[in-house]
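Worksheet: one structure, shown below.
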Amino acid sequence: ILKGKTAVITGSTSGIGLACARAFAEAGANIVLNGMGAPADVEKERSAIESEFGVKTIYSPADMAKPIEIAELIALGAATFDSVDVLVNNAGIQHVSPIEEFQPEKWDAIIAINLSAAFHAIRAVVPGMKKRGWGRIITTASAHSLVASPFKSGYVAAKHGIAGLTKTVALELARSKITCNCISPGYVWTPLVEKQIPNTMKARNLRRDEVISDILLAAQPTKEFVTAEQVASLALFLCSDDAAQITGANLAIDGGWTAA
Ligand code: NAD
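Read in order, the letters of the sequence shown are residues 3 to 262 in full-length UniProt numbering.
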């Protein structure tokens, strides 16, 4: 469904972003990868996407905390492939701390990467999408765009901001055949989560399944993780013609978390 189209996916060197890149490439899109990572690891992922799916894939190390580099990322995609048809704002960071100890620099970084980066990237892609009369803008929000948890003030504020930005942009572009939506995952199974399990088992004297269901998934009624591939699959559906009337939506994929 994305043959001949180009997708820029921020924060796509691992986790959900990488799963989106692979799913979109499988659907025929040329890909602009972005994110941190050792050059050799990034190159391995980049060349694997090209060879497995037969699409062109380039990489940009643009820092999503820097507006100029965000503009350059979009310009690179447009210059290389003539157009940026799909934008996935996915880069994100987390910091956990009580509000009175929350370092202002951490707050600024979270707002910059998790919220302002989406604003800068959307601003940059919209003129080209309008010219071509088609576009898909998707942002990885979070269950924390809908509900809060203590000690995550920066993250929760940024993700709630994404929900508002998404609705506003959707209304502005409603007549332009460009949709703008966000996806709100609960806990997603990533290597980062997997790595926490052995230490937590030791520290709390719990079995692996107890750590998963009682500690990690305390908020998630299904007691199962979302997978990065499930999130990517929902993002890909939002790129389809069947999803043309889904805009301004905040789609939960959270094992029931925000139903509770
Ligand atoms: P991840 O750490 O695997 O991926 C984050 C990506 O963002 C990486 O590619 C990283 O290099 C990139 N990144 C970080 N800072 C960057 C910067 N300054 N510039 C460019 N790239 C940068 O984590 P993930 O779980 O795949 O997270 C992806 C998105 O999903 C984030 O926005 C996160 O908030 C959101 N999310 C994750 C979960 C979860 O449980 N894992 C749940 C809900 C929402």
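Every residue gets a Cβ at the ideal spot worked out from N, C-alpha and C, and that includes glycine.
Ser186, DSSP secondary structure in three states
Of the three classes helix, strand and coil, the one that applies to Ser186 here is strand, per DSSP.
Apart from the five residues on each side of it in sequence, which residues of its chain come closer than 7 Å, Cβ to Cβ, to Ala143?
So the list reads Lys161, Ile164, Ala165, Cys184, Ile185, Ser186, Asn252, once near-sequence residues are dropped.
Please check the pair Lys108 and His97, which I expect to be a contact at CB under 8 Å, by giving their CB distance rounded to whole angstroms.
Lys108 to His97, Cβ: 4 Å. Contact.
Residue burial classification, Asp244 (beta-carbon count within 10 angstroms, cutoff 16)
With fewer than 16 other Cβ atoms within 10 Å, it is exposed.
Looking at ligand 1, does it come within less than 7 Å of Asp87, judged from the CB to the closest heavy atom?
Not under cutoff, so the answer is no.
Look up Gly13 in the DSSP assignment and say whether it is helix, strand or coil.
Looking at Gly13 - three-state DSSP - the assignment turns out to be coil, as it is neither helix nor strand.
Write down the C-beta distance between Leu175 and Val127 rounded to the nearest angstrom, noting that I regard them as a contact closer than 8 Å.
Their Cβ separation, rounded to whole angstroms, is 11 Å, which puts Leu175 and Val127 out of contact at 8 Å.
According to DSSP, is Ala221 part of a helix, a strand, or is it coil?
Looking at Ala221 - three-state DSSP - the assignment turns out to be coil, as it is neither helix nor strand.
Given 8 Å, three or more beta-carbon pairs between the segment 186–198 and the segment 227–239:
Of all C-beta pairs linking the segment 186–198 to the segment 227–239, three or more are shorter than 8 Å, placing the two stretches in contact.
For a test of the three-state rule: what should DSSP assign to Thr59, helix, strand or coil?
In the structure shown, Thr59 sits in a strand (DSSP, three-state: E or B).
Go through the segment 117–142 residue by residue and report every complete run of the beta strand (DSSP E) that reaches 3 residues or more, in order.
If we require 3 residues or more, the beta strand (DSSP E) runs fully inside the segment 117–142 come out as 137–142.
Which of helix, strand or coil does DSSP assign to Glu180?
The amino acid occupying residue 180 in the given sequence is Ile; Glu does not appear at that position. The three-state secondary structure of Ile180, taken from DSSP, is strand.
By the three-class DSSP mapping on this structure, what secondary structure does Ile255 have?
Reduced to three states, the DSSP call for Ile255 is strand.
Does the Cβ of Tyr189 lie closer than 7 Å to at least one heavy atom of ligand 1?
Correct: Tyr189 has its Cβ closer than 7 Å to ligand 1.
Can we count Asp110 as close to ligand 1, meaning its CB is less than 7 Å from some heavy atom?
Because no heavy atom of ligand 1 lies under 7 Å away, the Cβ of Asp110 does not count as near it: no.
8 Å contact criterion, which Ala119 and Ile72 should meet: CB distance rounded:
The pair is a contact, with the Cβ atoms about 6 Å apart (cut-off 8 Å).
Helix, strand or coil at Val149 according to DSSP, with G and I counted as helix
In this structure, DSSP gives Val149 a state outside helix and strand, which the three-state scheme calls coil.
Measure the CB-CB distance between Ala114 and Ala159 and report whether it falls below 8 Å.
Not a contact, by the Cβ cut-off of 8 Å.
Using alpha carbons as the reference points, say which of Ala262, Leu236, Lys7, Gly37 lies closest to Leu148.
Ala262 is the residue among Ala262, Leu236, Lys7, Gly37 whose C-alpha sits nearest the C-alpha of Leu148.
Nearest-angstrom Cα distance between Val213 and Thr202?
When rounded, the distance between both Cα atoms is 7 Å.
Buried or exposed for Leu219, please, with buried defined as at least 16 other CB atoms from any protein chain shown within 10 angstroms of its CB.
Counting Cβ neighbours within 10 Å, Leu219 comes out buried, since at least 16 surround it.
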